[in-house]
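Here the numbering used here is used: the first residue of the sequence shown is 28, the next is one more, and so on.
Comments concern the structure below.
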Amino acid sequence: MNILLISAEVTPFAKAGGLADVTAALPAEWKRMGHNPIIVMPKYGFIDEKMWNMEPTFLTLNVPMGYETEFAHLWHGTLPGSEVPIYFIEFNEYFARDGIYGDPNEFFDNDRRFIFLSRAAFEAAKALDFTPDIIHAHDFHTAFAMAFLKTHYRYDMRFARTAGVYTIHNLAYQGKFNPFRAMEFSGIGHDNFYKGSWFEHNGTANAMKIGIMFADKITTVSPNYSREIRTPYYGEGLCDELNYRGPDLIGILNGVQYDKWNPAIDDAIAVKYTPNSIEDKMKNKIDFLKGYGLNDNDGLDIPLIGIVARLTEQKGFDLIESVLERHISEGDFRFALLGSGERRYVDYFNYLKSKYPATALINIGYDETIAHKIIAGCDYLLVPSRFEPCGLTQMYALKYATIPIVRQTGGLADTVNEYSKVSGTGTGFVFLHYDPDDFAFALRRALSIYTSEPHWSTIRQNAMAMDYSSERSALQYINVFEWAMEKVR
Ligand code: ADP
Ligand code: GLC
């Protein structure tokens, strides 16, 4: 199967969150299965060409943008750890900047940049003489590709039998564009923008809605989230559209690349371990604590609870704020955080760090190595999200025998089960209501089994035995691609 995957983020080239991990993991698996994927993404200014052995193809793309044509250059590379070709769209005016989306404020021309990317992907396929069976777009950034397939390229023989699959990683970010700009840049024209059209939502040109309406099949990143978003509470204003497309909407749980996230082979951690040498996990805790000037005897008897996340409201930081200080001030546990994002949370964690230097171990910033060290070194991982389409860190944690404490929402509910002291089943601790008391109670349940045998050993073995591999998830996408292709044959 020829698959053209378009994304604004792909690990390791450009990553803001889990989207990048998934758009790297899937094509690598498809290639191993014998399919023929290629990836198209922007050539951002911060990507180091030499480090990734990128080379110009010397192909020029003529990309129609409204009444004009813009000329982009195409670069070539290989997705590390795989044989997947990856093509970078070079257009400096849009992409030679330091951020992916703009931080803290989004770039004012994100509509233009991402409509351009979505269109350039088709022109890249033409220039490369690549005839896709599937165009796979991810999140609102590349959603316009779904519309282009059914409009501008509908009568192009190359794409006549191409099906469009659109994956929603996060419905909260929709790309609500100014219709005057979006309808012009996309070349679809103002005539197609009116109340009730597939392009319109509450007066904006809504890229997320466009992806949902034009795709042959729509997927989301966990089965539970695919059901949740069909309700008003989680539907972010688009639940009618999602229900309309209900028969074509499928939840596929994200997978983990266990060649990157596996304590048996992880070079980023101090001491590797397996289910048979789980006692070595402790050495990673010691190593992590040493980094804060704490020595071996200083903290092994109290639990270490970690979190690795974007500092945004989605991740449940207001719940954390409401219970954390009480616990760390009393020394119930140590708290390790790695995150970057909103100022208000950065300020809060810096405050904790200065007040409780021995119990609040705070890292503000983005760092892959520290992410691995926290996942390996902690006893528990917190993911108390307000909503969570899938969530990757709780799946990493399970593999590292780091016990997740999660809210029962989205993919968290699909991947973590409450531990039962009676049956000895379950892999973590789960609470339903987005409420400090419910959260605090889950924390208490979790802490009650710390070093309490046989529970502590049992839950850690249960956790490590879970298998959420990206191979399984990649296979499910292939099934969906086959169904999508039936629609266009
Ligand atoms: P989301 O995509 O909503 O941010 P996920 O759990 O799906 O949430 O994915 C987050 C990914 O980003 C994980 O791979 C996680 O390890 C990584 N990550 C988040 N924050 C940081 C950080 N500050 N430093 C390093 N990695 C991070
Ligand atoms: C989004 C979601 C997250 C999901 C990730 C990868 O960023 O917030 O839950 O795991 O995409 O699909």
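Think of the CB as a built atom: it goes at the ideal place given N, C-alpha and C, for glycine as much as any other residue.
task: Determine the direct distance from the alpha carbon of Val373 to that of Lys77, and round the result to whole angstroms.
output: As a working mapping, residue 77 is identified with position 50 in the sequence shown. As a working mapping, residue 373 is identified with position 346 in the sequence shown. For Lys77 and Val373, the distance between alpha carbons rounds to 34 Å.
query: Straight-line CA distance for Gly216 to Met240?
result: Translated into positions along the sequence shown, residue 216 becomes position 189. Translated into positions along the sequence shown, residue 240 becomes position 213. Taking the CA atoms as reference points, Gly216 sits about 17 Å from Met240.
field: beta strand (DSSP E) runs wholly inside the stretch 88-126, at least 3 long, in chain order
entry: Within the stretch 88-126, the complete beta strand (DSSP E) runs of at least 3 residues are 95-105 and 112-117.
query: Leaving out five residues before and five after Met493 in sequence, what residues of the same chain have Cβ atoms less than 8 Å from its Cβ?
result: Translated into positions along the sequence shown, residue 493 becomes position 466. Excluding positions up to five away in sequence, the list reads Met422, Leu425, Lys426, Thr442 and Thr454.
- prompt: Around the C-beta of Val449, are 16 or more other C-beta atoms found within 10 angstroms, so that it is buried, or is it exposed?
  reply: Start at 1 with the first residue of the sequence shown, and residue 449 comes out as number 422. Exposed.
task: Would you kindly check if the distance between the Cβ of Lys244 and the Cβ of Val49 is under 8 Å?
output: The sequence position of residue 49 within the sequence shown is 22, counting from 1. The sequence position of residue 244 within the sequence shown is 217, counting from 1. Not a contact, by the Cβ cut-off of 8 Å.
Nearest-residue set for ligand 2, Cβ under 7 Å from any heavy atom: In chain order, the qualifying residues are Gly44, Gly45, Leu46, Asp48, Val49, His196, Asn197, Val248, Asn281, Gln341, Glu415, Pro416, Cys417, Gly418, Leu419, Gly437 and Gly438.
message: Would the stretch 210-225 count as touching the stretch 173-192 if we require 3 or more Cβ pairs under 8 Å?
response: Under the Cβ criterion (8 Å, minimum of three pairs), the stretch 210-225 counts as touching the stretch 173-192.
message: Taking the alpha carbon of Val433 as the reference point, which residue from Val457, Gln284, Asp275 and Val90 has its own alpha carbon closest?
response: As a working mapping, residue 433 is identified with position 406 in the sequence shown. Nearest of Val457, Gln284, Asp275 and Val90 to Val433, Cα basis: Val457.
- request: Buried or exposed for His202, please, with buried defined as at least 16 other CB atoms from any protein chain shown within 10 angstroms of its CB.
  value: In the sequence shown, the residue the question calls residue 202 occupies position 175. According to the sequence provided, residue 202 is Gly. The question's His does not apply to it. Taking all protein chains in view, the Cβ of Gly202 is crowded by 16 or more other Cβ atoms within 10 Å, so the residue is classified as buried.
- prompt: According to the Cβ coordinates, are Leu338 and Glu369 closer than 8 Å?
  reply: Indexing the sequence shown from 1 puts residue 338 at position 311. Indexing the sequence shown from 1 puts residue 369 at position 342. Yes, Cβ-Cβ distance for Leu338 and Glu369 is below 8 Å.
- request: Report yes if the C-beta distance between Gln488 and Pro290 is below 8 Å; otherwise report no.
  value: Counting from 1 along the sequence shown, the entry for residue 488 is found at position 461. Counting from 1 along the sequence shown, the entry for residue 290 is found at position 263. No, the pair does not count as a contact, with Cβ atoms beyond the cut-off.
In DSSP terms, what His165 is bridged to: Numbered from its first residue, the sequence shown carries residue 165 at position 138. Answer by DSSP bridge pairing, in chain order: Thr194.
message: Taking a contact to mean a Cβ-Cβ separation below 8 Å, would you say Gly282 touches Arg499 in this structure?
response: Here residue 282 is taken as the residue at index 255 of the sequence shown, counted from 1. Here residue 499 is taken as the residue at index 472 of the sequence shown, counted from 1. Cβ atoms of Gly282 and Arg499: closer than 8 Å.
- prompt: Any idea what DSSP makes of His228, helix, strand or coil?
  reply: For the purposes of this step, residue 228 is taken as residue 201 along the sequence shown, with counting starting at 1. In the three-state scheme derived from DSSP, where H, G and I count as helix and E and B as strand, His228 is classed as strand.
message: Can you tell me whether Tyr261 is helix, strand or coil according to DSSP?
response: The residue labelled residue 261 in the question sits at position 234 within the sequence shown. DSSP places Tyr261 in coil when its eight states are reduced to three.
- request: With a threshold of 7 Å, establish whether the CB of Arg337 neighbours any heavy atom of ligand 1.
  value: Against the sequence shown, residue 337 aligns to sequence position 310. Yes.
Uninterrupted beta strand (DSSP E) stretches inside the stretch 310-345 (no shorter than 3 residues): Within the stretch 310-345, the runs of beta strand (DSSP E) that reach at least 3 residues and sit entirely inside it are, in chain order, 331-338.
task: Any chance you could list the alpha helix (DSSP H) runs of at least 4 consecutive residues sitting entirely within the stretch 367-431, in chain order?
output: Those alpha helix (DSSP H) runs which fall completely within the stretch 367-431 and span 4+ residues are 370-382, 395-404 and 420-426.
- prompt: To the nearest whole angstrom, what separates the beta carbons of Leu32 and Pro69, a pair I think is in contact under 8 Å?
  reply: As a position in the sequence shown, residue 32 is number 5, starting the count at 1. As a position in the sequence shown, residue 69 is number 42, starting the count at 1. For Leu32 against Pro69, the beta-carbon gap comes to about 14 Å, at or over 8 Å, which does not count as contact.
- prompt: Phe122 to Pro411, Cα distance in whole Å?
  reply: Position 95 of the sequence shown, counting from 1, holds the residue named residue 122. Position 384 of the sequence shown, counting from 1, holds the residue named residue 411. If I take the Cα positions, the gap works out to 34 Å.
field: Close Cβ partners of Ala297 (< 7 Å) along its chain, the five nearest in sequence each way excluded
entry: By one-based count along the sequence shown, residue 297 stands at place 270. These residues qualify, in order along the chain: Lys310, Asn311 and Asp314.
message: Under 8 Å, with one C-beta from each stretch per pair, do the stretch 185-192 and the stretch 154-169 reach the 3-pair mark?
response: At 8 Å Cβ cutoff, the stretches touch.
query: Quick one: any contact between the stretch 96-112 and the stretch 54-61, if contact means 3 or more CB pairs under 8 Å?
result: Yes, they touch.
field: beta-carbon Glu36 near ligand 1 non-hydrogen atom, thresh 7 Å
entry: If you number the sequence shown from 1, residue 36 lands on position 9. Answer for Glu36: no, Cβ out of range of ligand 1.
message: Is Thr367 near ligand 1 - that is, is its Cβ less than 7 Å away from at least one heavy atom of it?
response: For this step, residue 367 is matched to residue 340 along the sequence shown. The question names Thr, but residue 367 is Ser in the sequence shown. Checking the Cβ of Ser367 against ligand 1 gives yes.
- request: Could you check what DSSP says for Phe85 in three-state terms: helix, strand or coil?
  value: Counting from 1 along the sequence shown, the entry for residue 85 is found at position 58. If DSSP states are grouped into helix, strand and coil, Phe85 belongs with the strands.
message: Using 8 Å for Cβ pairs, my map puts Ala428 next to Ile334. What's the rounded Cβ distance?
response: Here residue 428 refers to the residue found at position 401 when the sequence shown is read from its first residue. Here residue 334 refers to the residue found at position 307 when the sequence shown is read from its first residue. Wrong, their Cβ atoms sit about 17 Å apart, outside the cutoff.
Straight-line gap, Phe362 to Lys342 (C-alpha atoms, nearest Å): Here residue 362 refers to the residue found at position 335 when the sequence shown is read from its first residue. Here residue 342 refers to the residue found at position 315 when the sequence shown is read from its first residue. The C-alpha of Phe362 lies about 16 Å from the C-alpha of Lys342.
- request: For Phe73, count neighbouring Cβ atoms within 10 angstroms of its own Cβ and tell me buried if that reaches 16, exposed if not.
  value: Start at 1 with the first residue of the sequence shown, and residue 73 comes out as number 46. It counts as exposed.
- prompt: Taking 7 Å as the line, does the beta carbon of Gly126 fall inside it for any heavy atom of ligand 1?
  reply: In the sequence shown, residue 126 corresponds to position 99, counting from 1. For ligand 1, not one heavy atom lies less than 7 Å from the Cβ of Gly126.
message: Could you compute how far the alpha carbon of Phe360 sits from the alpha carbon of Gly404?
response: Taking the first residue of the sequence shown as 1, we reach residue 360 at position 333. Taking the first residue of the sequence shown as 1, we reach residue 404 at position 377. In this structure, the straight-line span from the alpha carbon of Phe360 to that of Gly404 is close to 14 Å.
- request: Can you tell me which of the three DSSP states Ala473 falls into?
  value: Along the sequence shown, one-based indexing puts residue 473 at 446. In this structure, Ala473 counts as helix in the three-state DSSP scheme.
query: If you count every other CB in all the chains shown that lies within 10 Å of the CB of Ile292, and 16 or more means buried, which is it?
result: Taking the sequence shown and counting its residues from 1, the one referred to as residue 292 is at position 265. Flag for Ile292 reads exposed.
message: Considering Cα atoms alone, identify which of Glu36, Asp275, Met28 and Gly45 is closest to Gln284.
response: On the sequence shown, residue 284 is found 257 positions in, with the first residue counted as 1. Out of Glu36, Asp275, Met28 and Gly45, the CA that lies nearest to the CA of Gln284 is found in Gly45.
- request: Tell me the start and end of each unbroken alpha helix (DSSP H) in the stretch 428-503 that is at least 4 residues and wholly inside, in chain order.
  value: As for any alpha helix (DSSP H) of minimum length 4 sitting wholly inside the stretch 428-503, the runs are 437-442, 463-475 and 482-491, ordered along the chain.
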